[in-house]
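Visitor: Heads up: the sequence shown begins at 1 in the UniProt record's numbering, then just goes up one per residue. Where a beta carbon is used, it is the ideal one built from N, C-alpha and C, also for glycine.
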Amino acid sequence: MVSADFANRPQNKLVLFDVDDTLTPPRQQATAEIIDLLRKLKDQVVIGFVGGSDLVKITSQLSVDGINPLEFFDFGFAENGLIAYKLGKKQASQSFINYIGEERYKKLVNFILHYLADMDIPIKRGTFVEFRNGMVNVSPMGRNATFDERNEFAAYDKIHKVRAAFVDVLREKFADYGLTYSIGGQISFDVFPSGWDKTYCLRFVEQEGFDEIHFFGDKTYKGGNDYEIFTDARTIGHSVKGPADTVRICTELFLSS
Ligand code: M1P
Numbered sequence: 001m002v003s004a005d006f007a008n009r010p011q012n013k014l015v016l017f018d019v020d021d022t023l024t025p026p027r028q029q030a031t032a033e034i035i036d037l038l039r040k041l042k043d044q045v046v047i048g049f050v051g052g053s054d055l056v057k058i059t060s061q062l063s064v065d066g067i068n069p070l071e072f073f074d075f076g077f078a079e080n081g082l083i084a085y086k087l088g089k090k091q092a093s094q095s096f097i098n099y100i101g102e103e104r105y106k107k108l109v110n111f112i113l114h115y116l117a118d119m120d121i122p123i124k125r126g127t128f129v130e131f132r133n134g135m136v137n138v139s140p141m142g143r144n145a146t147f148d149e150r151n152e153f154a155a156y157d158k159i160h161k162v163r164a165a166f167v168d169v170l171r172e173k174f175a176d177y178g179l180t181y182s183i184g185g186q187i188s189f190d191v192f193p194s195g196w197d198k199t200y201c202l203r204f205v206e207q208e209g210f211d212e213i214h215f216f217g218d219k220t221y222k223g224g225n226d227y228e229i230f231t232d233a234r235t236i237g238h239s240v241k242g243p244a245d246t247v248r249i250c251t252e253l254f255l256s257s
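Structure follows, in structure tokens:
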């Protein structure tokens with residue numbers, strides 16, 4: 001049976017959305033069309049976002065048209081669910097630093113900084129390591145890059161695969177750390193304990209008694225940061241090519257009866 005919190009929705013379904021390239025263009029704001037879709041969906045089903053980014057970035061992308069994303073979405077998951085909200089209320093969670101410990105983290109981050117200092121790429125900016133609650137985000141060019149610079153790096157990395165090579169080195173060097181490395185965006189990769197991928201967020205929703213849990217994401221291929229939740233037996237996965245695709249499939253599945 002569905003929990004009383006959601007008994008007013010005609011369809012007993014949860015629809016979870018990745019953020020970048022599913023609800024919004026990468027690191028940019030959602031359009032009025034997407035917000036309109038989400039408003040209509042909420043009259044039918046329960047909705048949530050599950051992003052790899054930190055909460056500040058995600059909420060700024062989804063704060064359009066006077067919306068407070070943490071209240072508008074029934075569930076809000078940043079950093080794969082290591083930051084979790086239900087109906088605007090923060091849920092208890094764990095942290096990356098508690099999992100890994102200060103000593104091991106220091107070895108990891110020192111190695112990363114040395115490796116990045118030696119990496120020869122066309123341009124570098126600032127903020128190469130972003131320490132978050134549930135993960136560390138590593139960017140060879142640095143996170144303080146403009147949109148044009150981001151696009152240039154993404155094109156360069158498609159050819160030279162500097163992120164993939166870096167991840168291979170880290171996997172081998174820190175094999176005993178139990179970490180997963182995930183290239184989910186344009187200029188960086190995420191490092192988190194194995195199992196703390198987007199399936200992590202499912203622990204906050206599986207007791208709610210939904211008949212179906214749908215997940216929409218763009219990086220659903222093996223190695224992409226939507227792959228695990230997309231293929232998880234608890235979800236019905238949908239692979240999209242961008243926000244327009246999300247609107248089309250959701251309209252067909254949930255709004256056209
Ligand atoms: O949401 C996907 C990724 O978005 C950002 O990646 P990038 O800055 O490389 O485009 C990051 O916030 C990353 O953590 C996240 O997984």
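In three-state DSSP terms, what is P193?
Guide: Strand.
Visitor: On the premise that F49 lies in contact with G76, defined as a C-beta separation below 8 Å, what is that separation, rounded to the nearest angstrom?
Guide: Indeed, because the Cβ distance is near 6 Å, the residues count as touching under 8 Å.
Visitor: Excluding the 5 residues flanking F204 on each side, which residues of the same chain have their C-beta closer than 8 Å to its C-beta?
Guide: So the list reads F75, F77, G81, A84, K86, Q91, once near-sequence residues are dropped.
Visitor: For the alpha helix (DSSP H) holding I100, just list the boundary residues, first then last.
Guide: Segment 96–100, the alpha helix (DSSP H) holding I100.
Visitor: Taking the straight line between their C-alpha atoms, what separation do you get for F210 and F131?
Guide: One C-alpha to the other measures close to 34 Å.
Visitor: Kindly examine the ligand M1P and report whether one of its heavy atoms sits closer than 7 Å to the Cβ of K213.
Guide: The question names Lys, but residue 213 is Ile in the sequence shown. No - the ligand M1P has no heavy atom lying nearer than 7 Å to the Cβ of I213.
Visitor: How is the alpha helix (DSSP H) around F128 delimited, first residue to last?
Guide: Counting along the chain, F128 falls outside any alpha helix (DSSP H), and DSSP gives it neither H nor E.
Visitor: Since A155 is in the alpha helix (DSSP H), which residue starts that stretch and which ends it?
Guide: Residues 147–160.
Visitor: Does the distance from the CB of K13 to the CB of H214 come in under 8 Å?
Guide: In contact: K13 and H214 (Cβ atoms closer than 8 Å).
Visitor: Measure the Cβ-Cβ separation of S182 and F174 and say whether it is below 8 Å.
Guide: Contact flag unset, no.
Visitor: To test your reading of the DSSP string, which unbroken alpha helix (DSSP H) runs of 4 or more residues are found completely within the stretch 216–257?
Guide: Listed in chain order, they are 227–231, 243–250.
Visitor: Are there any heavy atoms of the ligand M1P lying less than 7 Å away from the beta-carbon of D232, as far as the coordinates show?
Guide: False, no ligand heavy atom lies under 7 Å from that Cβ.
Visitor: Return the chain-ordered list of same chain residues with a C-beta closer than 8 Å to the C-beta of P26, the five sequence neighbours on each side being excluded.
Guide: Closer than 8 Å at the Cβ level, and outside the excluded window around P26, lie D20, R150, G185, Q186.
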